[in-house]
Structure formats: structure tokens, C-alpha cells
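**Student:** Questions regarding the structure given below will be posed in turn.
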Amino acid sequence: MRCLPPHSIFFWAIPAFSPSAMRLSSGGAAYVTAHAVKEWGVSPELGLVLGILAAAALGLVIGYLAIRRQGIYSTMITLALAQMFFFFCLQASFTHGEDGLQGVPRGFLFGFIDLNQPMNMYYFVLAVFVLGVFAIWRITNSPFGMILKSVRENENRAISLGFSVNHYKLAAFVMSAGLAGLAGGMKALVFQFATLTDVSWQMSGEVILMTLLGGIGTLIGPIVGAAFVVALQNWLATSDFPVTIVTGLIFMACVLLFRKGIIGEFYASRIGKKLFG
0 MRCLPPHSIF FWAIPAFSPS AMRLSSGGAA YVTAHAVKEW GVSPELGLVL GILAAAALGL
60 VIGYLAIRRQ GIYSTMITLA LAQMFFFFCL QASFTHGEDG LQGVPRGFLF GFIDLNQPMN
120 MYYFVLAVFV LGVFAIWRIT NSPFGMILKS VRENENRAIS LGFSVNHYKL AAFVMSAGLA
180 GLAGGMKALV FQFATLTDVS WQMSGEVILM TLLGGIGTLI GPIVGAAFVV ALQNWLATSD
240 FPVTIVTGLI FMACVLLFRK GIIGEFYASR IGKKLFG
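When we follow numbering that gives the first Met the number 0, the leftmost residue of the sequence shown carries the number 0, and every step to the right adds one.
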């Protein structure tokens, strides 16, 4: 069995916190970061910043259109825009179509940290992961985060209290897209390529599976879900059993048997209630 690459867990756990429009934002940031680093010769940190800005811009456009509709209509708008972006990446010259951007140089972080050294890259991704989790925790527990929670629990009540719900939704959409863009840019640097796989529907499906498996609405849930799915994929890669069948069965089990996910079910259990109240 292959050894589980730790950076894979860190990479996948970041976007698992923000599955909305992840396919578009993460993939777009991967292409922008890869193109900027390879073709323009910018530093990796600047390439990441450009990728995050591009992802946030995409999130602004998608969010502006999606939040004006509710339920299935919002989902269909997001799905349609994501498919349009996929075919744009397929036809655009700077993405190199089906070949993608290969051989993306990792370069030197801040001009002196060689990211071609595996341990340097490992600690760089780990640092980004920790900062990302801290940012999510801080936002969630801020007044802004509390308003978002109130919108999620009872949107009509939030409106009656005088909050501009659409503005808060759009801000959350942009931040979510930026976070996914950070993960996409990191992926382009870690694996040194950006391809159509980054903007395919399978990408968003995997992230949603990780979130469902770990537990929606929990901070540690996506981390657990990402670790489980990545470990499972690495283990199944050495066997003849189709990975897609296994992930499909897991997805069905999450929906039908334990909707709260691993962490959610643990919190709801007797032990979890004793530990966390």
C-alpha cells in the first residue's frame, strides 16, 4: 500500500470547508496560478495571490447571479456557469486545452525558500492549512459569522431584524470562493500542473463527499472527511476495485444512514455530549 501523502490531506481539507462553486473557483485559481508562475515567471506567493483574486472575482460574479434565486434554481445557475467555464478552459489558448499547463515550476518562496525540496513544500502547505482553518474559525465566531448562522437557521427572521441578507450571502460566497482559490493555487504548485480535471464535476463531487462524510457545519469534519477519502483513494489505487463505485457507495451511506457525518454523529453520541456538552 502506498504511503498517504500528508500534503494531500491538507490540500483537500481547505476547499472542503467551502464546496459552493468550488469547482469553478478552485480550478480557475489553479489555471491562473500555474499560468502566472510558468509563463510570467512570478514568484509562487504572487501567483497564489493572483489565483485567489481571480477566484474571488469568479465568486463575486457567480454569487451575484446565484443568490437572486432560491433552492434548485440557484443550484442550476451555479451548475450552468461551471459547465460554461469548463468549456471555456477547454477552448482557451492559455489553458492549453486538454493538455493543460504542465511542468509548473515551484520556485522559491519569498525568494529564498526552495519549494522543490519536499519538506519545504510540506511545511508551506501545512502553514497555509493552519492559517486557513484559523481564518474560518475566526470568521465563524465573529459578529459577521453569527449573522451568517442566523441567515442559515432562519432567513426570514434575519430579514425582519434589518439585515441585508443578500449582501451577507454575497460576501460569504466571495470568501468561500477565495478560500477554494487558495486551495486550487496550492494544488497547481504542489502537483505542478493544472488541467481540465480541476474544473470537472468530479472535483466538486469529491469535495462535497468529503464534507458530508466528515460532517457539515463542523470545523474538524472536512479535515476528517478529506483524510478518509484521500487515504481510501490511495489504498484503492493498488487494487483492481473501481474507486468511483466505492465513493458512490459511501456517498449513498452518508445520505441514507448518517447524515450528520462522522464528526456530527460523534457530537450527537453520548460520549460527544459528555465531552462537548
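Virtual Cβ for every residue (Gly too), placed ideally from N, Cα, C.
For chain E, find out if any of its Cβ atoms is closer than 8 Å to the Cβ of A33; answer yes or no.
**Tutor:** The chain labelled as chain E is not found in the depicted structure, where only one protein chain is given.
**Student:** Going by DSSP, what residues sit across from I261 in a beta bridge?
**Tutor:** Its beta-bridge partners do not exist; DSSP assigns none.
**Student:** Applying the 10 Å Cβ sphere with the 16-neighbour rule, what's the burial state of H34?
**Tutor:** Counting Cβ neighbours within 10 Å, H34 comes out buried, since at least 16 surround it.
**Student:** Where does the unbroken alpha helix (DSSP H) through A171 begin, and where does it stop?
**Tutor:** Residues 164-190.
**Student:** Would you kindly work out how many angstroms separate the C-alpha atoms of F265 and F133, rounded to a whole number?
**Tutor:** When rounded, the distance between both Cα atoms is 22 Å.
**Student:** With DSSP as the reference, identify every bridge partner of I112, one or two as the case may be.
**Tutor:** For I112, which the question treats as bridged, DSSP gives the partners L108.
**Student:** Between the alpha carbons of Q101 and V60, how many angstroms are there, rounded?
**Tutor:** Answer to the nearest angstrom: the Cα atoms are 28 Å apart.
**Student:** Does DSSP classify Q69 as helix, strand or coil?
**Tutor:** Coil.
**Student:** Please report how far the alpha carbon of L147 lies from the alpha carbon of F172, in whole angstroms.
**Tutor:** Taking the straight line from one Cα to the other gives about 11 Å.
**Student:** Helix, strand or coil for L100, going by three-state DSSP, please let me know.
**Tutor:** Reduced to three states, the DSSP call for L100 is strand.
**Student:** Buried or exposed for F109, going by 16 or more other Cβ atoms inside 10 Å?
**Tutor:** When all chains shown are included, F109 counts as exposed.
**Student:** Could you pull the DSSP bridge partners for A193 from this structure?
**Tutor:** According to DSSP, which records beta bridges pairwise, A193 is partnered with L100.
**Student:** Suppose the cutoff is 6 Å on Cβ atoms and the five residues either side in sequence are ignored; what does the same chain contact list for K94 look like?
**Tutor:** A quick correction: the sequence has Thr, not Lys, at residue 94. Taken in chain order, the residues that qualify are Y30, C88.
**Student:** Give the DSSP-derived three-state secondary structure of I76 in the structure shown.
**Tutor:** Helix.
**Student:** Please list the terminal residues of the continuous alpha helix (DSSP H) segment that includes H34.
**Tutor:** Segment 21-38, the alpha helix (DSSP H) holding H34.
**Student:** Can you list, in chain order, the residues of its chain whose CB lies under 6 Å from that of M120, leaving out five sequence neighbours each side?
**Tutor:** The answer, listed in chain order, is L114.
**Student:** Does the structure place the segment 65-72 close enough to the segment 130-145 that three or more beta carbon pairs sit under 8 Å?
**Tutor:** No contact exists between the segment 130-145 and the segment 65-72.
**Student:** Where does F126 land, buried or exposed, given buried means 16+ other C-beta within 10 angstroms?
**Tutor:** This sequence places Ala at residue 126; Phe is not what is there. When all chains shown are included, A126 counts as exposed.
**Student:** Which two residues bound the contiguous alpha helix (DSSP H) that contains I222?
**Tutor:** Residues 220-235.
**Student:** Let's test the definition: count the other Cβ atoms within 10 Å of the Cβ of D239 and tell me whether it reaches 16, buried, or not, exposed.
**Tutor:** Exposed: under 16 other Cβ atoms inside 10 Å.
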